[in-house]
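Be aware that the sequence shown starts at 5, since it is given in this note's numbering, and climbs by one per residue. Note that CB positions come from ideal geometry on N, CA and C, so glycine has one too. These numbers were taken from a predicted model, which means no experiment stands behind them.
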Amino acid sequence: MEGIIDKENERVRRFFGLLNNIEKKVERLACDNRPLFNGERFLTDREYSGRLKISRRCLQDYRDRGRIPYIQIDGKILYK
């Protein structure tokens, strides 16, 4: 019989350590969450250029030439 399990028990410490990690991840996800527009997800220029592996300036050139679709809301450019 192990006796009383308290906060000094290794299993208890590990459990609360894992719980703390989960809490941090949930908080990070909550901060990164963006509301959807009619069920569609839009990307910022930083996110979109990162996915395409091009510079933000190149992305602007593509936009100016009509090569990629985008929307503008209150001066903010968003990409599908």
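Nearest neighbour of residue i, chosen from the options [CA to CA]
{"i": "Pro73", "options": "Gln64, Tyr83, Asp65", "result": "Tyr83"}
{"i": "Ile85", "options": "Lys57, Lys28, Arg55, Phe41", "result": "The structure shown does not extend to residue 85, since the chain spans only 5 to 84, so no value can be given for it."}
Limits of the alpha helix (DSSP H) - the one that residue i falls within
{"i": "Ile26", "result": "14–36"}
{"i": "Leu63", "result": "60–68"}
Limits of the unbroken beta strand (DSSP E) element including residue i
{"i": "Leu47", "result": "Looking at the DSSP string, Leu47 is not in any beta strand (DSSP E), and its letter there is neither H nor E."}
{"i": "Leu82", "result": "80–83"}
{"i": "Ile77", "result": "74–77"}
Close Cβ partners of residue i (< 7 angstroms) along its chain, the five nearest in sequence each way excluded
{"i": "Ile9", "result": "Val16"}
{"i": "Tyr66", "result": "Ile72"}
Residues of its chain near residue i, where Cβ-Cβ distance is below 6 angstroms and the 5 sequence neighbours each way are ignored
{"i": "Ser53", "result": "Arg60, Leu63"}
Integer Cβ distance of residue i from residue j, believed to fall under 8 angstroms
{"i": "Ile81", "j": "Asp49", "result": "6 angstroms"}
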